[in-house]
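Those sequence lines, one after another, are chains A and B.
Sequential numbering from 1293 applies to the first sequence in my numbering.
Sequential numbering from 1293 applies to the second sequence in my numbering.
Backbone N, C-alpha and C define an ideal beta-carbon position, used for all residues, glycine too.
First the structure, in the form of structure tokens, and then the observations on it.
Protein chains: 2
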Amino acid sequence: MISAIDKMKLAKSAYSSLAQATTLQKNAALSKIADLLIERSEEIIRANEIDLAREAANGMSESLQDRLRLNSQRIMAISEAARNVVGLQDPIGEVIRGMTLPNGLKLAQVRVPLGVVGVIYEARPNVTIDIATLAIKSGNAVVLRGGSAAESTNRVLVKLLQDALAQVGLSSDVVQSVDEFGRDGGLEMMRAVGLIDVLIPRGGAGLIQQVVTEAKVPVIQTGDGVVHIFVDESARLDWAVEIVHNAKVSRPSVCNAVETVLVHKAAVDRLLPAILDRLAESGVRVHGDETTAANFFATIPATEQDFATEWHDLDISVRVVDSLDEALEHISKYSTKHTESIITENVANAERFLAEVDASTVMVNASTRFTDGGEFGFGAEVGISTQKLHARGPMGLPELTTTKWLVRGSGQVRV
Amino acid sequence: MISAIDKMKLAKSAYSSLAQATTLQKNAALSKIADLLIERSEEIIRANEIDLAREAANGMSESLQDRLRLNSQRIMAISEAARNVVGLQDPIGEVIRGMTLPNGLKLAQVRVPLGVVGVIYEARPNVTIDIATLAIKSGNAVVLRGGSAAESTNRVLVKLLQDALAQVGLSSDVVQSVDEFGRDGGLEMMRAVGLIDVLIPRGGAGLIQQVVTEAKVPVIQTGDGVVHIFVDESARLDWAVEIVHNAKVSRPSVCNAVETVLVHKAAVDRLLPAILDRLAESGVRVHGDETTAANFFATIPATEQDFATEWHDLDISVRVVDSLDEALEHISKYSTKHTESIITENVANAERFLAEVDASTVMVNASTRFTDGGEFGFGAEVGISTQKLHARGPMGLPELTTTKWLVRGSGQVRV
Chain A
1293 MISAIDKMKL AKSAYSSLAQ ATTLQKNAAL SKIADLLIER SEEIIRANEI DLAREAANGM
1353 SESLQDRLRL NSQRIMAISE AARNVVGLQD PIGEVIRGMT LPNGLKLAQV RVPLGVVGVI
1413 YEARPNVTID IATLAIKSGN AVVLRGGSAA ESTNRVLVKL LQDALAQVGL SSDVVQSVDE
1473 FGRDGGLEMM RAVGLIDVLI PRGGAGLIQQ VVTEAKVPVI QTGDGVVHIF VDESARLDWA
1533 VEIVHNAKVS RPSVCNAVET VLVHKAAVDR LLPAILDRLA ESGVRVHGDE TTAANFFATI
1593 PATEQDFATE WHDLDISVRV VDSLDEALEH ISKYSTKHTE SIITENVANA ERFLAEVDAS
1653 TVMVNASTRF TDGGEFGFGA EVGISTQKLH ARGPMGLPEL TTTKWLVRGS GQVRV
Chain B
1293 MISAIDKMKL AKSAYSSLAQ ATTLQKNAAL SKIADLLIER SEEIIRANEI DLAREAANGM
1353 SESLQDRLRL NSQRIMAISE AARNVVGLQD PIGEVIRGMT LPNGLKLAQV RVPLGVVGVI
1413 YEARPNVTID IATLAIKSGN AVVLRGGSAA ESTNRVLVKL LQDALAQVGL SSDVVQSVDE
1473 FGRDGGLEMM RAVGLIDVLI PRGGAGLIQQ VVTEAKVPVI QTGDGVVHIF VDESARLDWA
1533 VEIVHNAKVS RPSVCNAVET VLVHKAAVDR LLPAILDRLA ESGVRVHGDE TTAANFFATI
1593 PATEQDFATE WHDLDISVRV VDSLDEALEH ISKYSTKHTE SIITENVANA ERFLAEVDAS
1653 TVMVNASTRF TDGGEFGFGA EVGISTQKLH ARGPMGLPEL TTTKWLVRGS GQVRV
């Protein structure tokens, strides 16, 4: 049997054919993937039912089953998403910088694919198609390790991806799955120095932490979000109430949802009850400090650990601070450097917050839910990087590339 | 006594003051550093003599002693280099991208410092000032670990850097040295997750390999160079001879010097003897395959290992290949992805080489010695990255930065 390493080697040796492919060829593959998803809907749903039946028997929760489930409507949406990637600008070949040196050498720094992108993710079969189509558009081979719970579904989807590539004359080896090796497949990817150019974990904090700690290959860390909103003394009431509510309630499970609200002590009487009442209407549980408790009947006492917690649910930590300085200190201590927002009417405080907060995205008078590749207009999102090297914040196609300097001479030597 | 970790914590907490400093303030610090180098020349030379005397007694080679030695002329050159950094454009605050979203949110992606840059290097005291001035200009704190052999010299230089910062009203804590902890200082840096934002090893392959293997913090890998020149069938004689000679002989110890020449078999009679004779005039030892030996009297038989060797000296590996394909295969197998060059008159081969070779810099009809921040017009060089993430090729000041998205709103929430 072919090993996980063999599969990564196949991806690596096939990668250059995709790197050299034209945008037209890559787009043909993407359209074919979109077509095959519709054509093979029944087969995909049958495979998905096998996964669902097994996992239901194993006691998988309803919400995880829902995440795993594919029906014809969802397959249609995935197919549409693949077709949307056709319309995205191909980053490959873009000239970032260029100049002619005094000696006549012509330099151009151009975007090229990273090579082989590894992705380890959980049992969400849509990620299989999402990430493969973005990798193909950006000229990268991809090695996938999906959750074991989606094994049958992913087997059908990976075959579909490979068939689509072959049908348009590209190498089907550029898409590989190591699912058949279970957890070992993921571990082999983490150690595949020289075979995996970048490894992207997509999933919960546990998965990300494991990959960051154990990987020997370069990793892009995504999606860890202990996100804060600071309601300053001068905040507008309606903005404070609606932004905090939107940032928590519109989708509490995602990384750009707010987890902690800090309120300036001088704004407590005017703003805090209104903010908390609006949250309570939507069933949000408030974990607050003593001042919060004095202003809101249903406060659960907040622990130190609560302020470091990404709730992923209808829970929120609330703390009253003495000043902007104290808010900045709190954020510096607990932030995962994803997104932080200030609600204020004071321009000096707004500018200071923008300058001093160290995070991928810093906002004034806006909901933290806007930190998103789709909202930013990238047309697609690989993830939201919370690290500083290579990519920071929402990652689109350009973040799946590296660059190469091309130097064209006519016999120049260095003096 | 203060520990290595304490020193990194000091750098981290002081960093934001430098990150917020204006270009004028940072330039004042750089000018002060340049001044103090001249003022304190004698003190620096006395400290350097202590290092030299100890290392000479320990049997340090003449060439390493020369690398360690500072005299007033060399100090003058280091001072001038520091003053040159004043003239470089400050990358901090540069807006890379910006847009207004349909809902009115104003986005700007701006360059910000990485935070704390760690550098581990060998006994070249000029690196202490070089890297610290580049870090200061780009708003980064820096933690230095120089070679133990330069301990006394570096102690005086680090004190000078800190004094200069204090004299212009900046925090002297943004420059830290962990030299006093010897090798442990370097090891602590490699493990200082959350304190060191990026670690750059500057030195030989052994040091770089150790850092890449052992570091838990993000690393930028620099300077590993098994560099090739492919002399194609149609290469011009004079260009082939002079480019190969320049790429090997002008400075054999550096990473952009050529290590292996591949010659198309159809060009052997016309070009190979002339290329090798010119190299031999400069004392280059030729490690060649059988065809090379048949064309050059003094060929040393090349081993497989020779083709993977970065000679760092007046040695060169030579191999005759059947085709451009075979040249590309050889390069793909042995390249460290630093710089590769083709000498050719054939435009199709030139374009194919540029497109298919995977390296930081790919050249046509030019000496590989041009891969250099100074030559590329960056005004300074942090190192030459041979990795794909974050930076690739010569690194200037912008490569010491990350970005941050600033979002200015007026109450927007996500629908």
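Rounded to whole angstroms, the Cβ separation of residue 1558 of chain A and residue 1534 of chain A is 21 angstroms, and the two are not in contact under 8 angstroms. Bounds of the alpha helix (DSSP H) holding residue 1417 of chain A are 1417–1429. With respect to chain A, the C-beta atom of residue 1524 of chain B has no partner C-beta closer than 8 angstroms. Contact annotation: the region 1409–1421 of chain A does not touch the region 1649–1665 of chain B, with fewer than three C-beta pairs closer than 8 angstroms.
The Cβ atoms of residue 1495 of chain A and residue 1437 of chain A do not sit closer than 8 angstroms to each other. Taking CB atoms only, residue 1681 of chain B has a neighbour in chain A less than 8 angstroms away. Taking 8 angstroms as the upper bound for CB-CB distance, residue 1578 of chain B and residue 1592 of chain B are in contact here, some 7 angstroms apart. With the rule of 3 Cβ pairs closer than 8 angstroms, the region 1310–1330 of chain A counts as touching the region 1358–1376 of chain A. Within the DSSP secondary-structure output, residue 1686 of chain B pairs in a beta bridge with B:1676.
Taken in chain order, the unbroken stretches of beta strand (DSSP E) that lie wholly in the region 1494–1548 of chain B and span 3 residues or more are 1519–1523. Segment contact: the region 1467–1481 of chain A against the region 1434–1449 of chain A, three or more CB-CB distances shorter than 8 angstroms; contact assigned. Between the alpha carbons of residue 1702 of chain A and residue 1377 of chain B lies a distance of about 32 angstroms. Judged by DSSP in its simplified three-state form, residue 1484 of chain A adopts coil rather than helix or strand. When the Cα atoms are used, residue 1383 of chain A and residue 1430 of chain A turn out to be separated by approximately 6 angstroms.
The beta carbon of residue 1655 of chain A falls within 8 angstroms of a beta carbon belonging to chain B, placing the residue at that interface. Boundaries of the alpha helix (DSSP H) harbouring residue 1560 of chain B: 1560–1573, taken from the DSSP string.
Following the DSSP letters along the chain, one finds residue 1432 of chain B in no alpha helix (DSSP H), marked with neither H nor E. Put simply, the backbone Cα of residue 1672 of chain A is about 25 angstroms away from that of residue 1461 of chain A. Taking 8 angstroms as the CB threshold, residue 1647 of chain A lines the interface with chain B. For the region 1475–1500 of chain B, the beta-carbon criterion of a distance under 8 angstroms to any beta-carbon of chain A is satisfied by 1489, 1490. The beta-carbon of residue 1514 of chain B is placed no less than 8 angstroms from the nearest beta-carbon of chain A. Among the CB atoms of chain A, one or more fall inside 8 angstroms of the CB of residue 1699 of chain B. Using beta-carbon distances, residue 1694 of chain A counts as an interface residue toward chain B, with a partner under 8 angstroms.
Relative to the Cα of residue 1650 of chain B, the nearest Cα in the group B:1679, B:1675, B:1391 belongs to B:1679.
Residues of the region 1375–1394 of chain B that bring their beta carbon within less than 9 angstroms of a beta carbon in chain A comprise 1391, 1393, 1394, in sequence order. For the pair residue 1622 of chain B and residue 1554 of chain B, the CB atoms are nearer than the 8 angstroms cut-off. Residue 1403 of chain A is outside the set of residues whose beta carbon lies under 8 angstroms from a beta carbon in chain B. Residue 1361 of chain B places its beta carbon less than 8 angstroms from that of residue 1340 of chain B. The continuous stretches of beta strand (DSSP E) do not include residue 1312 of chain A, and DSSP gives it neither H nor E.
Cβ neighbours of residue 1315 of chain A within its own chain (closer than 7 angstroms, five residues either side excluded): 1382. Secondary structure note for residue 1367 of chain A: its alpha helix (DSSP H) is the uninterrupted segment 1364–1379.
Not flagged as an interface residue toward chain A: residue 1574 of chain B, since no C-beta distance is shorter than 8 angstroms.
Contacts with chain A (Cβ-Cβ distance below 8 angstroms) from the region 1574–1605 of chain B involve no residue at all. For residue 1705 of chain A, a Cβ of chain B is located within less than 8 angstroms of the residue's own Cβ. What residue 1312 of chain A touches in chain B, judged by beta-carbon distance under 8 angstroms, is 1647, 1648, going in chain order.
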